[in-house]
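The numbering of the sequence shown is full-length UniProt numbering, which starts it at 1 and goes up by one.
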Amino acid sequence: MSKSPVTADILSGDADLLINVVDASNLERNLYLTLQLLELGIPCIVALNMLDIAEKQNIRIEIDALSARLGCPVIPLVSTRGRGIEALKLAIDRYKANENVELVHYAQPLLNEADSLAKVMPSDIPLKQRRWLGLQMLEGDIYSRAYAGEASQHLDAALARLRNEMDDPALRTLRYIADARYQCIAAICDVVSNTLTAEPSRFTTAVDKIVLNRFLGLPIFLFVMYLMFLLAINIGGALQPLFDVGSVALFVHGIQWIGYTLHFPDWLTIFLAQGLGGGINTVLPLVPQIGMMYLFLSFLEDSGYMARAAFVMDRLMQALGLPGKSFVPLIVGFGCNVPSVPVMGARTLDAPRERLMTIMMAPFMSCGARLAIFAVFAAAFFGQNGALAVFSLYMLGIVMAVLTGLMLKYTIMRGEATPFVMELPVYHVPHVKSLIIQTWQRLKGFVLRAGKVIIIVSIFLSAFNSFSLSGKIVDNINDSALASVSRVITPVFKPIGVR
1 MSKSPVTADI LSGDADLLIN VVDASNLERN LYLTLQLLEL GIPCIVALNM LDIAEKQNIR
61 IEIDALSARL GCPVIPLVST RGRGIEALKL AIDRYKANEN VELVHYAQPL LNEADSLAKV
121 MPSDIPLKQR RWLGLQMLEG DIYSRAYAGE ASQHLDAALA RLRNEMDDPA LRTLRYIADA
181 RYQCIAAICD VVSNTLTAEP SRFTTAVDKI VLNRFLGLPI FLFVMYLMFL LAINIGGALQ
241 PLFDVGSVAL FVHGIQWIGY TLHFPDWLTI FLAQGLGGGI NTVLPLVPQI GMMYLFLSFL
301 EDSGYMARAA FVMDRLMQAL GLPGKSFVPL IVGFGCNVPS VPVMGARTLD APRERLMTIM
361 MAPFMSCGAR LAIFAVFAAA FFGQNGALAV FSLYMLGIVM AVLTGLMLKY TIMRGEATPF
421 VMELPVYHVP HVKSLIIQTW QRLKGFVLRA GKVIIIVSIF LSAFNSFSLS GKIVDNINDS
481 ALASVSRVIT PVFKPIGVR
């Protein structure tokens, strides 16, 4: 919650209402964020999701009692089945701000120093939010200093006073603040839930003994990745000719027919059919394999396995001086490796060094767009062993990322990784609707991002390939501007065999 972008959005005051989605199957851990929002004085509604999973674990939550203790509306949800969505919409429409109550009782010295820091913060920030920022600064949150103004200059003095008042030379303020919040959460859960009698999932426990095994975990992960590539290439490859033939018929020959029928100028017909239509025909045949890749990645994420993959890779990441959760942005790179994607994923990491190292390793992870190119060459040169060839290319990317991490660790980015703590969700079968929505959103993003570039390049290439340097339409490709320019620059590449 204290990460910079989220803090900026909340402190900007632009939000009229926040919907805080809480996992009902792990209420105690999830209420930590809720308490922070309430401490900030942010109007919010708690959407208590995954109640079906909580019920399977023998967890019962008194909704009205929880709402009364928190002082905000609590709406029960099972979002994957659409249960409670209408009630949530109604609660949003009818929301009325309640008077915030002091839920967490901190040690008085902490409150005194938080208040002293709040006094020198920008006055346009409400007092309640200034006090929260003060607590965050005392807790060691580096992001809060950006919004604290002159208060950041008074932090060291405040910490020195706390050391004396609390008789703690080490001054573990993070522990004091977290303990106070968790004591409040425990008191709330004791009243509203029978969480202590929850039964762990036997299936999850049994599977984790295998997939998290010290010796079996990594081979199982590699097998799962290989299986994903095998299915994506074979199933997507079977559908690829359909997309290829269909896109040629519609966007190339179809546009040509329209141009000739309506007597378009030749240059316009070439521009639309070979440029625009050819670009679309380049993108659409990539859709089946990339779509299957996104589908399988979504399945692994929703089923709960991807969290285990990060845990399994923790030992390797620690050797690179990175926490295990650094592997999550790298895994996301398998789906899309546009620079903004791993950068956004790396923001979940705590230390600037860890974020920068992860961002520099991410480009070596082969994304869905590369999968389509790999698949074409694998089918052409490796036949039935195409899936193994593609898997090897992906593994080579991982190896190069690891070597990059090692080089950085022992040269310009020395340091040790922060401890890795991660919640492992229970295994469950993903809902088809959720998988389709996630796959569609990712696939649409790829088509829109990559499609723009491919279509623009295709238009320019078709123009250079259809016109001479003097601007006349040519029948022979050897007379085109592209051929003329190529003949000039070919000698430069002759040493590497280009003729």
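Built from N, CA and C at the ideal position, the CB exists for glycine as well. Keep in mind that this is a model prediction, so the values were computed, not measured.
query	result
Tell me ASP23's beta-bridge partners as DSSP assigns them.	ASN49
Exposed or buried, which one is ALA15 when buried takes at least 16 other CB atoms within 10 Å?	exposed
So, using beta-carbon positions, are SER247 and PRO285 closer together than 8 Å?	yes
Quick check on ALA186: buried or exposed, where buried means 16 or more other Cβ atoms within 10 Å of its Cβ?	exposed
So ILE61 and SER152 are in contact, right, with Cβ under 8 Å, and what is the actual spacing, rounded?	Their Cβ separation, rounded to whole angstroms, is 40 Å, which puts ILE61 and SER152 out of contact at 8 Å.
May I have the straight-line CA-CA distance separating THR439 from HIS431, to the nearest angstrom?	12 Å
State the Cα-Cα distance for the pair residue 533 and LYS409, rounded to the nearest angstrom.	Beyond the ends of the chain as shown, which are 1 and 499, falls residue 533; an answer cannot be given.
So MET293 and LEU371 are supposed to be a Cβ contact under 8 Å. How far apart are they, rounded?	6 Å
Locate the beta strand (DSSP E) running through residue 505, then write down its first and last residues.	Residue 505 lies beyond the range of the chain shown here (1 to 499); nothing can be said about it.
Hey, ASN111 and TYR176: beta-carbon distance below 8 Å or not?	Inspection of the sequence shows that residue 111 is occupied by Leu rather than by Asn. No, the Cβ-Cβ distance between LEU111 and TYR176 is not below 8 Å.
Going by Cα to Cα distance, which pick from LEU162, TYR427, LEU322, THR490 is closest to PHE203?	TYR427
Measure the CB-CB distance between THR282 and ILE436 and report whether it falls below 8 Å.	no
Would you tell me roughly how many angstroms separate the C-alpha atoms of THR197 and ARG308, rounded to the nearest one?	Per-residue confidence for THR197 stands at a pLDDT of 49, beneath the threshold of 50, marking its modelled position as unreliable; the derived number appears in the next sentence. So the two alpha carbons sit approximately 25 Å from each other.
CB ALA378 to CB VAL390, shorter than 8 Å?	yes
Go through its chain and collect everything with a Cβ distance to ILE456's Cβ below 8 Å, but skip five positions before and after it.	GLY279
Does DSSP put VAL74 in a helix, a strand or coil?	strand
Comparing alpha-carbon positions, which option in ILE19, ASP52, LEU138 lies nearest SER25?	ASP52
Return the chain-ordered list of same chain residues with a C-beta closer than 8 Å to the C-beta of SER484, the five sequence neighbours on each side being excluded.	SER468, LEU469
Assuming THR404 contacts MET365 under a Cβ cut-off of 8 Å, what Cβ separation, rounded to an integer in Å, is found between them?	Not a contact, Cβ separation roughly 11 Å.
Just the Cα atoms here: how many angstroms apart are ASN385 and LEU297?	22 Å
In whole angstroms, what separates the C-alpha of ASN30 from that of PHE311?	20 Å
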